[in-house]
Amino acid sequence: SQWGEENLQALSIQEGEDVTMNCSYKTYTTVVQWYRQKSGKGPAQLILIRSNEREKRSGRLRATLDTSSQSSSLSITGTLATDTAVYFCATERRYNVLYFGSGTKLTVEP
Amino acid sequence: GPKVLQIPSHQIIDMGQMVTLNCDPVSNHLYFYWYKQILGQQMEFLVNFYNGKVMEKSKLFKDQFSVERPDGSYFTLKIQPTALEDSAVYFCASSSDWGGDTGQLYFGEGSKLTVL
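Protein sequence lines, in the order shown, are assigned to chains A and B. Sequential numbering from 65 applies to the first sequence in the numbering used here. Sequential numbering from 181 applies to the second sequence in the numbering used here.
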């Protein structure tokens, strides 16, 4: 498998809190993408981060990538109930093939 | 934002029957993909498709699977015959390029297939 962690993780927090989700991968990559999947919907890309960026921000989102430890994180500041979803990281291969991790199920209580 | 439409949203069929899942990709996108997701698990790549050809496929893309996009119409995934283990949600995606900043994948909402 591409990924170090195989089990879906679950986090439950209160609205307004900050949260950080982590993933680690086994095979070298230069691009990690983070996706959000809401219940009954398809995944939607949140952030794409490259190995030369280390950190990337988009609104309340912040992604990091550490190629030396082969890990990536996604932080959300000031969470909202509408942030409730499953968050996946994915590595990119040729021809845009994505390998998704098992994801983190985030529940934000209003 | 750009929309990928999938038809049907849910289909129930008997094992051994044929099923065709249809995908209407984002207008002007030329790169197409199918992913499979079993309930509660991660998305898994099946196949991608460009210019009438399969460019890459995974081990999940069994011989019973086929894809096509005849004359710019729907991009389809056909399974013939179906097996119990084909029960899953199938997501179609499209992109305007092979990757990077201009190759973002846009996913549909999925077609849930139940094989009895």
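The C-beta atom is built at its ideal place from N, Cα and C for all residues, glycine as well. A quick note: this is a predicted structure, and the numbers were derived from the prediction, not measured.
Less than 8 Å between the beta carbons of residue i and residue j, yes or no?
| i | j | result |
| --- | --- | --- |
| residue 229 of chain B | residue 247 of chain B | yes |
| residue 140 of chain A | residue 129 of chain A | no |
| residue 144 of chain A | residue 172 of chain A | yes |
| residue 295 of chain B | residue 267 of chain B | yes |
| residue 254 of chain B | residue 204 of chain B | yes |
| residue 271 of chain B | residue 252 of chain B | no |
| residue 98 of chain A | residue 77 of chain A | no |
| residue 85 of chain A | residue 168 of chain A | yes |
In chain order, what residues of the same chain have a beta carbon less than 6 Å from the beta carbon of residue i, not counting five sequence neighbours either side?
| i | result |
| --- | --- |
| residue 190 of chain B | 292 |
| residue 95 of chain A | 114, 156 |
| residue 187 of chain B | 202 |
| residue 213 of chain B | 228, 273 |
| residue 236 of chain B | 228 |
| residue 192 of chain B | 294 |
| residue 218 of chain B | 268 |
For residue i, write down the residues that DSSP places opposite it in a beta bridge.
| i | result |
| --- | --- |
| residue 126 of chain A | A:121, A:139 |
| residue 190 of chain B | B:292 |
| residue 274 of chain B | B:212, B:286 |
Anything in chain C within Cβ reach of residue i, meaning under 7 Å, just list it in chain order.
| i | result |
| --- | --- |
| residue 290 of chain B | Among the protein chains in the structure shown, which are A and B, there is no chain C. |
Which same chain residues end up closer than 7 Å to residue i when comparing Cβ atoms and leaving out the 5 residues on each side of it in sequence?
| i | result |
| --- | --- |
| residue 185 of chain B | 204, 288 |
| residue 149 of chain A | 100, 101, 102, 170 |
| residue 264 of chain B | 195, 295 |
Please list, in chain order, all residues of the same chain as residue i whose beta carbon is under 8 Å from its beta carbon, the five residues on each side excluded.
| i | result |
| --- | --- |
| residue 211 of chain B | 228, 229, 230, 274, 275, 276, 277, 278, 283 |
| residue 118 of chain A | 128, 129, 130 |
Shorter than 7 Å, the distance from the beta carbon of residue i to the closest heavy atom of the ligand ADP, or not?
| i | result |
| --- | --- |
| residue 75 of chain A | Ligands in the displayed structure: none, and consequently the ligand ADP is not present. |
Inset, instruction - Run through the region 65–116 of chain A for me and flag every whole beta strand (DSSP E) of 3 or more residues, listed as ranges in chain order. - result: 73–78, 83–88, 95–101, 108–114
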